[in-house]
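Quick note: to get this note's numbering, add 1 to the position in the sequence shown (first position is 1).
What follows is a set of notes on a single structure, which appears directly below.
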Amino acid sequence: MTSKNISELAKFYKKKRTERIDALEKAGFVGTEEKDLLANHLALSEDVADSMIENQVATYQLPYGLALNFLIDDQDYVVPMAMEEPSVIAAASSAAKLFAQHGGFQTAVTERMMIGQAILTNVPDPEKAIAIIDDYEIDIIQKANQAHPSIVKRGGGADSIRIREIQADPEYNTPHFLIVHLHVETLEAMGANMINTMMEAILPYLEELSGGTALMGILSNYATECLATASCRVPADALAKGELSGEEVRDLIVLASQLATVDPYRAVTHNKGIMNGVDAVVLASGNDWRAMEAGVHAYASRSGQYRALSSWKTADNGDLIGELTLPMPVGTVGGSISFHPGAKMTHHLLDYPNAEQLESIIVSVGLAQNFSAIRALVTEGIQKGHMGLHARSLAISAGATADDIELVAAELKNHKHMNLAQAKEILDHIKQNR
Ligand code: NDP
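Here's what the structure looks like:
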């Protein structure tokens, strides 16, 4: 990474927008050209916008902000996020700051193997077809690579096949399907187009080998062979909040994580918090956030039940440790990445990460976001339980004595706004009705 003076970004949130852009320049993140682009809100030109989609009539803007303080695999990052929801960037930055003080995020990524599916129906003898397709694996791979030779020249391409069979199911009135997965190393690309080309190219051959009928050949967005994991840890002491000790907060976070593991209703919201961070970076980096969303939620259901994607546990030494694994079908080339001004800016601000590094950044932001959400829930939410104390002190301040203190406090807790005026009103009411 080229050298950056991160200290120039101190109190970033307190600055005006123009001052933030100046600070980015002083810190070495942007030059004159990028400053102009930021000043112009990363505007899409007429021509570019019109060529991106059909029937285009305008551009739809979203705020573009920076999550700060991210230390990921010993590298400092400011992470661009495009989104409409308030508090998300503040939450990510605050969690990142805490974890940066304790080693930051460590990540691991699997090889970047994307999956294409060829679907065959009406296969007369599935067992025989499976044996033949298996025998001709090398030929199938060769045909796929011939359909997109440039990825092979770059060092990637189709690598292997996997054959799956789904039996006819009378309950759903569905027939037998024979499915051939093609695993493709897509290098820096997400690879949808290259895989779709390859899959369509091998369909006739698979029909020939199986005697069946090809239904479709297409990328699967369930990217189980392209996973990214982030982990982090923080001493319990660093988690103390309000009246709660660090150990208490840690234990509540662990409990919340356990809940989201077993309750799908909670898991969906837990995972939505993760995706607050993930989607905003995926979008800002010009990647396909629908592909990401679809894959992630299928991955959350891989055990047969929808569960939390992350886990928070207590380490042997009492630290809180968090881990998040996500399918991560993102790229640093392809789609609109090379020409969309916002996507280009994001790759610039991240110092041109390769696809694996981009995966690491995105999964770390997801974990940071998840931590902030759970911590807020179990602390501020719990503190609401502590409002009983506050209600009693308000009752006393309002002039309640003896048994009236509990009566006023109990009534006060039923009110949305717990304040002195309300406490006085309740006390007056109690006295008048005596
Ligand atoms: P593109 O086809 O736009 O770009 C990928 C191409 O970039 C490669 O085929 C390769 O072509 C070139 N390239 C240049 N450098 C590299 C490198 N280092 N590594 C790999 N490729 C390189 O995009 P994708 O195939 O990645 O598809 C992504 C797009 O497809 C997104 O916009 C997505 O929205 C869309 N899409 C998504 C679908 C889905 O189901 N999720 C379905 C259909 C489309 P070459 O070697 O020939 O130069």
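All C-beta atoms, glycine included, are put in the ideal place defined by N, C-alpha and C.
Model, not experiment: these values are computed from the prediction.
Counting along the chain, His-349 sits inside the alpha helix (DSSP H) bounded by residues 342–350. The beta carbon of Met-217 lies closer than 6 Å to those of Ile-120 in the same chain, with the five residues before and after it left out. When distances are taken from the beta-carbon of Asn-277 to the heavy atoms of the ligand NDP, even the shortest one reaches 7 Å or more. Checking the 7 Å criterion, the Cβ of Met-191 is within range of a heavy atom belonging to the ligand NDP.
A contact is defined here as three or more CB-CB pairs under 8 Å, and the stretch 74–85 fails this definition with respect to the stretch 260–271.
Remark: fewer than three beta-carbon pairs, one from each stretch, lie closer than 8 Å, so the stretch 246–253 and the stretch 292–304 are not flagged as touching. Your pair Gly-287 and Ala-344 checks out as a contact, with CB atoms roughly 3 Å apart and the cut at 8 Å.
Residue burial annotation: Glu-34 is exposed, with fewer than 16 other C-beta atoms found within 10 angstroms of its C-beta. Contact between the stretch 206–214 and the stretch 115–132 is established, with three or more Cβ pairs separated by less than 8 Å. In terms of CA proximity to Tyr-300, Leu-327 leads the group Leu-188, Leu-327 and Ser-339. The beta-carbon distance between Glu-226 and Ile-139, rounded to whole angstroms, is 19 Å. This is too long to meet the 8 Å contact definition.
Taking the C-beta atoms as reference points, Ala-202 is found no nearer than 8 Å to Ala-159. DSSP places Tyr-65 in the uninterrupted beta strand (DSSP E) bounded by 65–73. Under the rule that a run must span 4 or more residues, the alpha helix (DSSP H) segments found entirely inside the stretch 163–226 read 193–211. Distances from the alpha-carbon of Ser-398 to those of Leu-421, Gln-147 and Gln-259 put Leu-421 closest. Between Tyr-307 and Val-269, the gap from beta carbon to beta carbon is short of 8 Å. If you keep only unbroken alpha helix (DSSP H) runs of at least 4 residues inside the stretch 286–365, you get 290–301 and 342–350. Taken through DSSP and simplified to helix, strand or coil, Ala-83 comes out as strand.
The Cβ atoms of Glu-189 and Val-334 sit closer than 8 Å to each other. Three or more Cβ pairs closer than 8 Å define a contact, and the stretch 17–33 falls short of that threshold against the stretch 99–113.
No Cβ-Cβ contact shorter than 8 Å links Val-331 with Ala-68. Residue environment: Gln-433 is assigned as exposed (fewer than 16 neighbouring CB atoms within 10 Å of its CB, all protein chains considered).
For the options Ala-411, Leu-378 and Glu-381, the alpha carbon positioned closest to that of Arg-393 is the one of Ala-411. Inclusion of Gly-32 and Ser-4 in the CB contact set at 8 Å is not warranted, their separation being larger than that value.
Less than 8 Å divides the Cβ of Thr-187 from the Cβ of Gly-157.
According to DSSP, Asp-136 shares a beta bridge with no other residue. In the structure shown, Gln-102 falls within a coil segment according to DSSP collapsed to helix, strand and coil.
Ala-410: member of the alpha helix (DSSP H) spanning 404–413, first to last residue. In chain order, Val-110, Ala-229, Met-329 and Val-331 place their CB closer than 7 Å to the CB of Glu-360, counting only its own chain and leaving out the 5 sequence neighbours on each side. In the three-state DSSP reduction, Ala-145 falls in the helix class (H, G or I). The residues Arg-21, Ala-24, Leu-67 and Leu-69, in chain order, have a CB closer than 8 Å to that of Phe-13 in the same chain once the five nearest residues on each side in sequence are set aside. Shown here, Ile-120 sits in a strand according to DSSP, grouped into three states. Here Thr-262 carries a helix assignment [DSSP, helix/strand/coil]. In this structure, the ligand NDP has a non-hydrogen atom nearer than 7 Å to the beta-carbon of Ser-151.
Of the heavy atoms belonging to the ligand NDP, none sits nearer than 7 Å to the Cβ of Asp-252. According to DSSP, residue pairing for Gly-158 in a beta bridge involves Glu-186.
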